[in-house]
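Under this note's numbering, the letters of the sequence shown match residues 88 to 1141, in that order.
For glycine and all other residues, C-beta sits at the position ideal for the given N, C-alpha and C.
None of these values were measured; they are calculated from a predicted model.
All remarks here apply to the structure that follows.
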Amino acid sequence: MGSYGSEPEQESIMMEDTDTEEPENKVNSLVTEVFSWSLSDVLNRNLYNGKVSEIPKTFSSVSDYINSFKYPLFEETHEDLRSKILGVNRSPTLEISRVEPAKGFVTDKHLLYTVSYERGQGSYEPVVGDLIALTDVRPKCVDDLQRPNMSYLVAIVDHMKVKSSSCKLRILSSKPITGNDGRHLIVYLTNLTANDRISQSLDTPVGMKKKMFETLLRVDSSVEESCVECSLDETRDLLSLNMKEVLKSFQLDSSQEAVVLSCVALRDCDHKNTIKLIWGPPGTGKTKTISSLLFMLLRMECRTLTCAPTNIAVLGITKRVMRLVRDSLVHDTYGLGDIVLFGNTERMKIDECEDLYDIFLNLRVKILADCLAPLTGWKGYSEQMICLLEDPEEQYMLYLNGDNLYTEKEESSDSHMKKASKRKNRKTITVSTWKAKKKRRNNKETNEYEIKQSSKQESDKKNCKHDELVTFEEFVTNGFKFLGDHLISCIKSLYTHMPTSFISVEVAKEMVELVGSLECISKSLKQIVASKAGLKEAFRFPCSKLRYLQETLQFPDFKEDHRQIRRFCLRHACLILCTASSSVNVDTQVSNPLKFLVIDEAAQLKECESVIPLQLYGLRHVILVGDERQLPAMVQSKICEEAEFGRSLFERLALLGHKKHLLNVQYRMHPSISRFPNREFYNKSILDGVNVKSNTYEKRFLDGNMYGSYSFINVTAAKEEFDRSHSMRNVMEVAVVGEIVASLFKRTASDHPLLCLFIISHLTFVNVLTEAVSRKQKVSVGCISPYKAQVNALQEEIGTKYIGYERYFTVNVRSVDGFQGSEEDVIIISTVRCNSKGSVGFLANHQRTNVALTRARHCLWILGNESTLVNSGTIWKHLVVDAKNRGCFYNAGEDKNVVQAARNALAELGQLDSLFSTDSLLFKEAKWQVKFSDIFMKTIARLTDHEIFNEVVSLLVKLSNGWREPEKGGNSLVNTEGSCTLIEEYKVTKDLYLIWAVDTVAQDAVCSQVLMVWGVLSATKFEELSKMLMEKVYGNYTINMMNRCKERHTEGYV
């Protein structure tokens, strides 16, 4: 094992043996730095303030370039750890049973320990790279990590050995651990893997890779200029013509095709290093372009590493490439061995991607180890099959004499047959075993069962009598079937998983033909065996093919060493796909270096993380694909943010004027959606594709103009508030989003009659619906907000309501940052902010706004408070003004269902000041302006009966829209001298009345009547209120003012 973190990512989760190799006595600079921090250092927010300098755009040397990232990396790691330790009371813990020095332990230098624990003894399952604290108590606060008799001690999980019930960790500790110091708890703090890999790359001497870094630092245009020597090559024009013919089948637009051709043209250029920037704004077919490029490079046998910041991005590009590759395969799956996808099995969720099994490295290593095993691999089975095919009669006679093909090989009959009989279909078994994560192999009960079964088989063999011997026909049929199944599986696995450099096209063709022949014979085997005369003739062809393959196929002797096989696969792959971080595990060799590096989503990758793949030996050409006008990499530390630590290599080069190849046609958004971001962020340089301009692309998912392709929906009288984590949320907008999603679901259900029946009947299984329903329109909805608290509130509101209907309706709730790279039919944005100051915080960020506005295909509905956004003076002011100018501005109160939902939500949460205000959704669009007195707010707050509360609200809504009770004589509650004749009382319940009056207000020289709501009171309380109002309010009115209040007007204008 090398220094911490050097283990291959996917092999380090469960290792067979923790002591297979001696660790090197070295630790990279990041780990050394982390171990040097005391607890007070960790909690010191300003520990690196003054040490972290702004990362410049230009550099004087390669060493200056590398060193510019080191302190920002320390600070970012420090801030991450600081935030985790401040919340240590919520950290998962694990009870441990033993700590002892491990192999490789060196006092005061390399403090390696083995930690033993029983699985299920805590809320935490460690993984390699975890930074942990060792303590004697479950921490309730930061001080519990360091007490008078227990110093602060951290360690890193360096290696693991996992069994069914017990586990062992090898940890690298910051301080010596004694066996009697009482530390019996592990507390998870954070995972250092990603930052550690960056640190490794920064610590690695540049050496022979210096030329590529010098190219990165060059600011002149020569980086993009065509190679003079290559331009003199007359064969390149012919090559370009051939490539254009191939590209026609990909149906690329002119900008996409130009990008692919310009990159592929570098394939034969070894005269200079180049860097290309491919600028892919939202929806411009970036993934399609990259996959076409990678397919061409693969076809030209040009070794290429493709990286992306996240597993999701890697899987996205991999699936697209695989569709092109599979469509082009001629001899079954031959050729897939040139492609390798690798990464962490769990984090990549490979078990959900069956279409990628054939290229996933972990699975490939296991399959090849089985196929190349000396006795139970393809050679062993082929030798046995040849013996059977050449002379089945002789093999049968040996069988009768107890000395046959299946019992006497280099190992005992029991051992050989047990292994063989258990294997069945190698590929299927390997996949299922891999997906089960070795649980079956580690399951004690299973092992005991197998031992019992083995003993029973031994007993059965001893008691076997001659009258139980099989016939010749049965012998040949069973033998052929047993060996044939394994051979077919082996041969298919070999031509699928071996690089084409080890199996030529001609040999692969022979292998495919042999598989076909074996399968054909297997189907008609009984008839062939029955006519013994034609038996050898039928077997001659597969026998000759097997001998040919035995002589032709020559593979390295791996001795079933998975590490060697893994290294072999990576060194001979033509196309490797992984995250940029995982590329630290790519093993290259001088004789066959990688030539191209393609980084997708390059604008989301910190420049220091790009250094990891850029350090690979032999790279000639780097292609960065991204859009710096969307969100960059996430940075936690404010100090690092100010130092431009999150800036990507793509953005830095773009800022320096490096040429960008623009993909200039967008195929995602309806033109009404793309119009604003295209103007604001891309200077109108993006064209709308033919598909989005067609009439069929405009879809109406809900009735009403408010729910067209593009709308700004004004949510008034809402209230922004902080949650416990100091993130913003807006309950009113949550209710509005929830109601819109519910309406979408109901509309979708109405388009699917059987789905309606399903919902009404509360059936259990979705698949009872017929195929006719699945042909109807499916709707995918995305709910986006920039604030975590709002995302959490939306997720809680939507909950599991729509689970089980994924074939017809899906809802995805995420933050803006989490939605980058995704798209849905309908996007609903909740902007959250609602205040009188026009404060919108990081909502004003152009990159975040760009991402939010470009996720929708057919409909984009933006919820926000007009006043707040306009007063902000930010990009959101332009958006609101633009929506008004285009006639796309609506008030949420125009939808009665939305009003009802908002009313219920505010009432439930007790936000009465938002519910009973002039700008409330209930009264914003009313005919009469409504004002609420303090007395009313106090009396309505005291109502605990939900039905009475709703009755009051309903009465108020009716009054605000012009409804009045018919006049009845003598219906006044009180008739005392001095009472005000303006006051009205409407009955709510037997003993409760709504007290209101018509009043007037003057604004801009216009006098208007308003509804003044005074309270919800009993008859006795009304008399007191009436007298008070007469004394303090209406008693001061002039006769003219009284008359104005008494005038009857439908909409309140005097």
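Cβ-Cβ separation between Leu556 and Leu487: approximately 7 Å, consistent with a contact (criterion under 8 Å).
In the structure shown, Asp245 adopts extended strand secondary structure according to DSSP, grouped into three states. The C-beta of Asp217 has 16 or more other C-beta atoms within 10 Å across all chains shown, which makes the residue buried. Under DSSP, Phe976 takes part in a beta bridge, and its partners are Phe799.
The residue among Asp340, Glu820 and Tyr874 with its C-alpha nearest the C-alpha of Glu884 is Glu820. The three-state secondary structure of Leu353, taken from DSSP, is coil.
Pairing Leu279 with Ala395, the inter-Cα distance amounts to about 19 Å. Leu240 and Thr376 have their C-alpha atoms spaced approximately 50 Å apart. Proximity of the stretch 890-901 to the stretch 869-882 meets the contact definition, three or more beta-carbon pairs being nearer than 8 Å.
In this structure, the alpha-carbon of Arg354 lies about 54 Å from that of Ser830.
From the listed residues Leu640, Asn679 and Thr666, the smallest Cα separation to Cys656 is found for Asn679. Ala1084 is bridged by DSSP to Ile1070 and Met1099.
Here Leu198 carries a coil assignment [DSSP, helix/strand/coil]. Taking the Cα of Thr397 as reference, the smallest distance to any Cα among Cys975, Ala994 and Thr666 is reached at Thr666. Arg257 has its alpha-carbon roughly 36 Å from the corresponding atom of Phe300. Residue pairing from DSSP places Ile914 in a beta bridge opposite Gly869 and Leu947. Less than 8 Å separates the beta-carbon of Glu647 from that of Ala456. Beyond the five residues adjoining it in sequence on each side, Ser1020 comes within less than 8 Å, by CB distance, of Met1099, Val1100, Trp1101 and Gly1102 in the same chain, given in chain order.
Gly464 is positioned such that its CB atom lies no closer than 8 Å to that of Thr583. Asp904 is the residue among Val824, Asp904 and Thr803 whose C-alpha sits nearest the C-alpha of Val722. Three or more Cβ pairs closer than 8 Å define a contact, and the stretch 950-967 falls short of that threshold against the stretch 736-743. Here the stretch 716-735 lies against the stretch 135-150, with 3 or more beta-carbon pairs under 8 Å apart. Ranking Thr675, Asn984, Leu774 and Leu581 by CA distance to the CA of Pro643 puts Leu581 first.
CA-to-CA, the gap between Tyr275 and Ser261 works out to about 15 Å. With a beta-carbon spacing of about 4 Å, Glu826 and Ala988 fall inside the 8 Å limit used to define contacts. For secondary structure counted as the beta strand (DSSP E) over 3 or more consecutive residues, the stretch 767-836 holds these complete runs in sequence order: 797-801, 807-809 and 815-817. Secondary structure remark: continuous beta strand (DSSP E) runs of at least 3 residues inside the stretch 879-934, in chain order: 896-902 and 911-917. Membership of Asn278 in the beta strand (DSSP E) is indicated by the continuous run Leu272 to Asn278.
If you draw a straight line from the Cα of Met1128 to the Cα of Thr1087, it is about 8 Å long. For Tyr204, the pairing in a beta bridge is given by DSSP as Cys254. Remark: three or more beta-carbon pairs, one from each stretch, lie closer than 8 Å, so the stretch 128-140 and the stretch 710-727 are flagged as touching. When the alpha-carbon of Glu439 is set against those of Ser781, Leu402, Arg413 and Tyr468, the nearest one is in Leu402. Secondary structure of Arg169 (DSSP, three-state): helix. The alpha-carbon of Pro368 is positioned some 58 Å away from that of Phe567.
Under a 10 Å Cβ-count criterion, Val347 is classified as buried, with 16 or more other Cβ atoms of the shown protein chains found around its own Cβ. Note: Lys693 is bridge-paired with Ser735 in the DSSP secondary-structure output.
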